[in-house]
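UniProt numbering puts the first residue of the sequence shown at 1, with every later residue one more than the last.
From the three backbone atoms N, C-alpha and C, an ideal C-beta is built for every residue, glycine too.
Please read all numbers here as calculations on a predicted model, not as lab measurements.
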Amino acid sequence: MAFKVYVDGQEGTTGLRLLDYLAARDDIELLRIDADRRKDAAERARLLNAADVAFLCLPDAASREAVALLDNPATCLIDASTAFRTDPDWAYGLPELAPGQRDAIRATKRIANPGCHASAFVMLTRPLVEAGLLPAATPLTAYSITGYSGGGKQLIAAYEAGQNDPRLAAPRPYAMGLAHKHLPEMRVHGGLDQAPVFTPIVGPFLKGLSVTIPLHVSQLPAGTTAAALHEAYVAHYADEPFVRVMPLDDMANLDGGFFEVQGCNDTNRVDLFVFGNAEQIALVARLDNLGKGAAGAAVQSMNVHLGLDETTGLSA
Ligand SMILES: NC(=O)C1=CN([C@@H]2O[C@H](COP(=O)(O)OP(=O)(O)OC[C@H]3O[C@@H](n4cnc5c(N)ncnc54)[C@H](OP(=O)(O)O)[C@@H]3O)[C@@H](O)[C@H]2O)C=CC1
Ligand SMILES: CC(=O)N[C@@H](CCC(=O)OP(=O)(O)O)C(=O)O
């Protein structure tokens, strides 16, 4: 018997990508809304309540509205917005987070899909905090380089329309108010006392993302080395189907000295890198912001929730 699945927000960037994943599967029966009724609350309510799993690929306010439209206790919601990512009644949809996270995703009917920058950041910090190698009180900074699809339909349209605009041809730092919407989940799920100073940069390419956390060795407990951090990742992610811990100081994977931000595109994979010397360390996580950073992660959580093989329909 196929699982009934509905995507609320099916015309958006994340919704469309999700439909690509789901339409290819024969264990899923897709419930579709007519495009011209996609904001009709009564029709959305009918489909939400008929679904075994409903994905919300909507702005935060519309996600909250969708939650209020649901009264079937059997429907599992997987929300792609920022609305519930630190809400204790929702499970954070990152199975790799910590032991027990898969059980939490299986047991709940409310899953909050992580933000793209936050997934990368949290996957770098949390295992180190839990291993005692990164004190929770450490004041961190992080920067992210991301493709423009992370900004949804509007930013994609702006980049596609502005191909001759030299301003868009250059990398553009943003969120300079230092209050990016992923800070709360970075702090809470990253295992930290305070959020990082986070400066994302959007570039003239569709998708692909890497988050870098620079560290001074002097910020870490005495005797901690880049190799020790690398070993902690190897241990924590040993059995993970979608995580590759790359060799320490993986210069061989640099393209003539340059890091390839798009290296995980069209996969649900995360690649983790540790570069370092006696004084300084750079931790880097790379993913496809539309894959493990959004729709791929949502499919992975659905697979876990339904007790299916976690890798069904996804590529590593
Ligand atoms: N793009 C990305 O990489 C990621 C996005 N997200 C999150 O996913 C969510 C969706 O983002 P994204 O796909 O980028 O956004 P888009 O702007 O591309 O799509 C949002 C969709 O929601 C629709 N919508 C808006 N209001 C309503 C409503 N009241 N009822 C039904 N549909 C509605 C929009 O309709 P219309 O077509 O009319 O505009 C649009 O199709 C956001 O919360 C975002 O933060 C999460 C991870 C990554
Ligand atoms: C380029 C760009 O604007 N990217 C978005 C992140 C998109 C994303 O994945 O975040 P959500 O899951 O929270 O939507 C941003 O930085 O706000």
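Closer than 8 Å: residue i CB and nearest ligand 1 heavy atom
i: D87; result: no
i: A72; result: The question names Ala, yet the displayed sequence has Asn at residue 72. No, the Cβ of N72 stays beyond 8 Å of every heavy atom of ligand 1.
i: R244; result: no
i: C57; result: yes
i: S301; result: no
i: R106; result: no
i: S210; result: no
i: E11; result: yes
i: D8; result: yes
i: G15; result: yes
i: D249; result: no
Through-space distance from residue j to residue i, alpha-carbon basis
i: V122; j: A232; result: 14 Å
i: A285; j: I33; result: 36 Å
i: K109; j: A294; result: 19 Å
i: Y174; j: V197; result: 13 Å
i: D27; j: F242; result: 21 Å
i: E240; j: N164; result: 42 Å
i: T199; j: A24; result: 37 Å
i: D255; j: L209; result: 16 Å
i: D52; j: E160; result: 36 Å
i: L133; j: A68; result: 42 Å
i: G203; j: I145; result: 7 Å
i: F205; j: G257; result: 20 Å
i: E260; j: R44; result: 41 Å
i: P184; j: V211; result: 16 Å
i: E130; j: Y143; result: 22 Å
i: R37; j: A66; result: 14 Å
i: Q154; j: D87; result: 28 Å
i: P59; j: L308; result: 29 Å
i: R244; j: Y237; result: 8 Å
i: G162; j: L168; result: 7 Å
i: L178; j: G150; result: 18 Å
Same chain, Cβ closer than 6 Å to residue i, neighbours up to 5 away in sequence not counted
i: F275; result: D249, A282
i: F84; result: W90, A112
i: F273; result: M246, D250, V284
i: S63; result: L56, D79, S81, A83
i: H189; result: Y92, V122
i: C76; result: V53, K109, H305
i: G15; result: V7, G9, C57
i: D40; result: none
Simplified DSSP state of residue i, which is helix, strand or coil
i: H216; result: strand
i: D266; result: coil
i: Y109; result: Here residue 109 is Lys; the residue named in the question, Tyr, does not match the sequence. In this structure, K109 counts as coil in the three-state DSSP scheme.
i: Q194; result: coil
i: Q280; result: strand
i: T13; result: helix
i: P173; result: strand
i: E310; result: coil
i: P127; result: helix
i: E29; result: strand
i: D239; result: coil
i: A91; result: strand
i: D36; result: helix
i: C116; result: helix
i: K4; result: strand
i: S210; result: strand
i: S144; result: strand
Distance cut-off 8 Å: residue i Cβ against heavy atoms of ligand 2
i: G296; result: no
i: A157; result: no
i: A235; result: no
i: H117; result: yes
i: T146; result: yes
i: S63; result: no
i: N289; result: yes
i: S218; result: no
i: H230; result: no
Cβ distance (whole Å) where residue i is taken to contact residue j below 8 Å
i: F55; j: A80; result: 7 Å
i: T13; j: I156; result: 7 Å
i: L229; j: L94; result: Actually they do not touch by this definition, with Cβ atoms about 19 Å apart.
i: A118; j: M186; result: 5 Å
i: Y6; j: L47; result: 5 Å
i: G223; j: T125; result: So it is not a contact: roughly 20 Å between Cβ atoms.
i: N265; j: K181; result: With 8 Å as the limit, N265 and K181 do not qualify as a contact, their Cβ atoms being about 23 Å apart.
i: T141; j: Q219; result: Actually they do not touch by this definition, with Cβ atoms about 11 Å apart.
Own chain residues within Cβ distance below 8 Å of residue i, not counting five before or after
i: D71; result: N49
i: V304; result: P95, R102, I105, R106, E310
i: Q280; result: P214, L215, H216, V217
i: A2; result: D26, D27, I28, E29
i: L31; result: K4, V5, Y6, L47, A50, A51
Close beta carbons around residue i, own chain, < 7 Å, minus the five adjacent residues each side
i: residue 317; result: Given that the chain is displayed from residue 1 to residue 316, the structure contains no residue 317 and the question cannot be resolved.
i: M302; result: V53, I78
i: T267; result: D288, G291, S315, A316
CB contact check: residue i to chain B, cutoff 9 Å
i: D34; result: As a matter of chain content, chain B is missing from the structure shown, which is built from one protein chain.
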